[in-house]
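Top to bottom, those sequences are chains A and B. Numbering-wise (our numbering), the first sequence opens with residue 9 and increments by one. Numbering-wise (our numbering), the second sequence opens with residue 25 and increments by one.
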Amino acid sequence: MQTQIDARNSGTPAGYGRPVLKIVSGTEAAPDIMRRGSAKRRENDDMKHMADCIRAVAERQDREAFRELFAFYAPRLKAFLIKRGASAGEAEDVMQEALTLVWRKAAQFDPSKASASTWIYTIARNRRIDLIRRAKRPELDPEDPFFSSVSEQPDGEQEYTRNERVKLVRTYLKTLPAEQLQVVQKAFYEEMTHQEIAAELDMPLGTVKSRIRIAMRRLRDHLDGAEL
Amino acid sequence: MISHHLSDEYLVEYAAGSLPEAESLVVASHLAMCSECRARVETFESVGAVLLEDGAAEAVSNDSFDKVMEMISGPEEEETPRRMEFDRSTLKLIPPPLRDYLDADLSDLDWKRAGRGIQEARLKQDGDIRISLLRIRPEQKIPAHTHGGEEFTLILDGGYTDGDAHYGQGDVSHLDGSVDHAPVADPDRPCLCLTVLTGPARLTGRVGRMLNPFIRG
Chain A
9 MQTQIDARNS
19 GTPAGYGRPV
29 LKIVSGTEAA
39 PDIMRRGSAK
49 RRENDDMKHM
59 ADCIRAVAER
69 QDREAFRELF
79 AFYAPRLKAF
89 LIKRGASAGE
99 AEDVMQEALT
109 LVWRKAAQFD
119 PSKASASTWI
129 YTIARNRRID
139 LIRRAKRPEL
149 DPEDPFFSSV
159 SEQPDGEQEY
169 TRNERVKLVR
179 TYLKTLPAEQ
189 LQVVQKAFYE
199 EMTHQEIAAE
209 LDMPLGTVKS
219 RIRIAMRRLR
229 DHLDGAEL
Chain B
25 MISHHLSDEY
35 LVEYAAGSLP
45 EAESLVVASH
55 LAMCSECRAR
65 VETFESVGAV
75 LLEDGAAEAV
85 SNDSFDKVME
95 MISGPEEEET
105 PRRMEFDRST
115 LKLIPPPLRD
125 YLDADLSDLD
135 WKRAGRGIQE
145 ARLKQDGDIR
155 ISLLRIRPEQ
165 KIPAHTHGGE
175 EFTLILDGGY
185 TDGDAHYGQG
195 DVSHLDGSVD
205 HAPVADPDRP
215 CLCLTVLTGP
225 ARLTGRVGRM
235 LNPFIRG
C-alpha cells in the first residue's frame, strides 16, 4: 500500500547507527533488569511478574510497578520500532505513546487472553499503524456484545496459560531452519509484507509465502501437540 | 459453523501489522465471527511478543520515563471515534470492525443496483481498492466472471453456493484474478456480504461494470 511504503521510506533514519544516548536514566531499575533480560533467558516467572505489574498499575496506579514495565519494555519497543523503519526520534515518540497506553489500558489487560508481552506488542503495533497510515486499522473490540450473539464458542480451549504459550513459541522458533526463521523475523519484527520480503531476499513471492505457511502450520501443530 | 477461513498468510500479516487496511478489514470482521481464527492470530501475535522480548534493546532518552509519566497525568488524547448509533438489525449483522465504515443503518445506505438482483453499497474506494456491501436476491445467479485483482468476500448473512462449495455466515472466499466463478445465492433469504477488491483495474468497460459488481470499474 502506498502510504505504508512512503512511511517506511521516510522513516529511514538519517543518522542512525551513531548512538548518542547511552544512559537509560529515570529508571534506576533498568540496568539490572536489562542485564538479567539479555544475559539469560527470561523464565515464566519474569513474565508473570510483568503481568502482575500491569495489574498493579490497573488496580492502584502503582508507579513503581510501571517503572519496572518501562525498564523492560521501553528499550525493546524502541529497538523494535526502529527495526520497523522508524527513525530513532519517531521510535522514541511511539514508544512513549505506547507505554502511556499501557498505563491507561491496564485495566483491560486480561492475563487469560494474552501474555504481558503479547498485549504490549499489540498496543505498540497498533499505535505504529495508526501513525503511519491515514486510515485506522480495523480492530476488534472484545467487549462488544456482537461476540456473544454471532461468534462461535468463546475462546479458551487452550489448557496452558498464555505465558506458557509464549514459552512454547520461543522453543519452537529455535527449532526452525534458518531460512524459515529469517522470513518469520522479517514478517514480525521488521513488519515487512510478504512481497517486500521477497524483494529484499530476492526470492519468488511464492517461496516466501510457502515458508511462512509451513512455519506457521508447524507452529500450530507444535502448540496443539503441547496441549495434549 | 464456519468452514471457509482465511489462510495463515493473511493472518500472519494481520498479526505482524503489515496487512493493508482493506484486507485487514476482512480479517478483523472475520475474526469477530470466528473463534478459530482468533486463536490463530493470538498464536501469531505471540511470535511477535517473543521477538520483542528477545530482541535488541535501544537506549531511551534521559527524560523518557518522566515524559511518559507526564503524558499519563495529562489530558487523554481526545479520541474521535465517530460512534454511530445503529439500529438492531445493523448491530446484529455488521461485525464491530466493519461498523466504522458505515455512515448509516443498513437499510439507509446508498444502495445502488449493480446487476440483476444485486445491490451494492460502496463503503470506500481508494484507488484500485474497493470496499462494498452487496445484497443478492435469493436464488440469484451472479454472471460468470473473473477478477482484475483479488476478491475477498465475507458472508454476513444468508449464503451462496459456488461450484461445489457452500458459503454461509462468517465464511470467507478469497479469489485471485484467475478464477472464473458464478455463485448462486441461497433460496431462503437475501445474501448480504462484504466484498473487497484489490489490485489494478483490468476491465473498465461500461457494460461489464454495469453487469457485474464483482468486476471493479
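Virtual Cβ for every residue (Gly too), placed ideally from N, Cα, C. Nothing here was measured: the structure is a model prediction, and the numbers come from that model.
query                                                                                                                                                                 : result
Residues in the same chain with beta-carbon distance under 6 Å from R159 of chain B, minus the five sequence neighbours each way, listed in chain order, please.      : Q143, P214, L216
Just to confirm the assignment: which complete alpha helix (DSSP H) runs, minimum length 4, are found wholly within the stretch 93–141 of chain A?                    : 96–112, 124–140
Starting from V84 of chain B, follow the alpha helix (DSSP H) in both directions and report where the run begins and ends.                                            : Element bounds for V84 of chain B: n/a, residue is neither H nor E.
Taking the straight line between their C-alpha atoms, what separation do you get for G192 of chain B and Y180 of chain A?                                             : 35 Å
Select from the stretch 65–76 of chain B all residues with a C-beta closer than 8 Å to any C-beta belonging to chain A, and list them in chain order.                 : E66, T67, F68, E69, S70, V71, G72, A73, V74, L75, L76
Let's test the definition: count the other Cβ atoms within 10 Å of the Cβ of S113 of chain B and tell me whether it reaches 16, buried, or not, exposed.              : exposed
What do you reckon, are the CB atoms on M1 of chain A and N171 of chain A nearer than 7 Å?                                                                            : Past the edges of chain A, shown from 9 to 236, lies residue 1 of chain A, and the structure says nothing about it.
Applying the 10 Å Cβ sphere with the 16-neighbour rule, what's the burial state of M108 of chain B?                                                                   : exposed
According to the Cβ coordinates, are L218 of chain B and G173 of chain B closer than 7 Å?                                                                             : no
Residues in its own chain within less than 7 Å of K165 of chain B by CB, not counting five upstream and five downstream?                                              : A206, V208
Which value, in whole angstroms, describes the spacing of the CA atoms of V110 of chain A and V65 of chain A?                                                         : 9 Å
Does the distance from the CB of R219 of chain A to the CB of Q188 of chain A come in under 7 Å?                                                                      : yes
My guess is that I131 of chain A and A106 of chain A are in contact by the Cβ rule of under 8 Å, so how many angstroms apart are they, rounded?                       : 5 Å
Tell me which residues share the same chain as Q149 of chain B and place their Cβ nearer than 7 Å to its Cβ, disregarding the 5 neighbours each side in the sequence. : none
A115 of chain A to E67 of chain A, Cα distance in whole Å?                                                                                                            : 7 Å
Which value, in whole angstroms, describes the spacing of the CA atoms of A223 of chain A and D132 of chain B?                                                        : 45 Å
How big is the Cα-Cα spacing for D195 of chain B and D210 of chain B?                                                                                                 : 14 Å
Output yes or no for whether 7 Å exceeds the beta carbon distance between Y197 of chain A and L75 of chain B.                                                         : yes
Confirm, please, whether the CB-CB distance from V71 of chain B to V191 of chain A is below 7 Å.                                                                      : no
Given that a residue counts as buried once 16 or more other Cβ atoms are within 10 Å of its Cβ, and exposed if not, what is P39 of chain A?                           : Confidence at P39 of chain A is low in this model, with a pLDDT of 38, below 50, so its placement is unreliable and no value can be given for it.
CA-CA distance, G139 of chain B and S156 of chain B?                                                                                                                  : 14 Å
Under 7 Å Cβ to Cβ from Y129 of chain A, same chain only, skipping five residues before and after it: list those, please.                                             : none
Where F74 of chain A and V92 of chain B are concerned, what is the direct C-alpha to C-alpha distance, given to the nearest angstrom?                                 : 10 Å
Considering only residues of the same chain and omitting the five flanking positions on each side of S46 of chain A, which have a CB-CB separation below 8 Å?         : Because S46 of chain A sits at a pLDDT of 44, beneath the cut-off of 50, its placement in the model cannot be relied upon, and the following sentence gives the value as read from the coordinates. So no residue of the chain qualifies.
Once you ignore the five residues that flank D129 of chain B on each side, which residues in its own chain have a CB closer than 7 Å to its CB?                       : F110, D111, T114
Can the beta-carbon of A81 of chain B be found less than 7 Å from the beta-carbon of P83 of chain A?                                                                  : yes
For G151 of chain B, which of B:P167, B:H198, B:E45, B:R64 has the nearest alpha-carbon?                                                                              : B:E45
Assuming E37 of chain B and H202 of chain A form a contact by the criterion Cβ under 8 Å, report the distance between their Cβ atoms to the nearest whole angstrom.   : 7 Å
Based on Cα-Cα distance, which residue from B:G187, B:L180, B:L199, B:A189 lies nearest to A56 of chain B?                                                            : B:L180
Using the Cβ count rule (16 or more neighbours within 10 Å means buried), how would you classify E167 of chain A?                                                     : Confidence is the limiting factor: at E167 of chain A the pLDDT is only 44, short of 50, which leaves the residue's position unreliable, though a coordinate-based value still follows. With fewer than 16 Cβ atoms within 10 Å of its Cβ, E167 of chain A is classed as exposed.
By alpha-carbon positions, which one of A:R135, A:A99, A:W127 ends up nearest to I62 of chain A?                                                                      : A:W127
Check the Cβ of F196 of chain A against every Cβ in chain B and list those closer than 7 Å, keeping chain order.                                                      : A40, V71, G72, L75
Under 7 Å Cβ to Cβ from L35 of chain B, same chain only, skipping five residues before and after it: list those, please.                                              : V51, C61, R64, V65, F68
For R161 of chain B versus G182 of chain B, is the C-beta distance shorter than 7 Å?                                                                                  : no
So, is E163 of chain B buried or exposed, given that buried needs 16 or more other C-beta atoms within 10 angstroms?                                                  : exposed
Measuring straight from C-alpha to C-alpha, what distance separates S27 of chain B and R71 of chain A?                                                                : 47 Å
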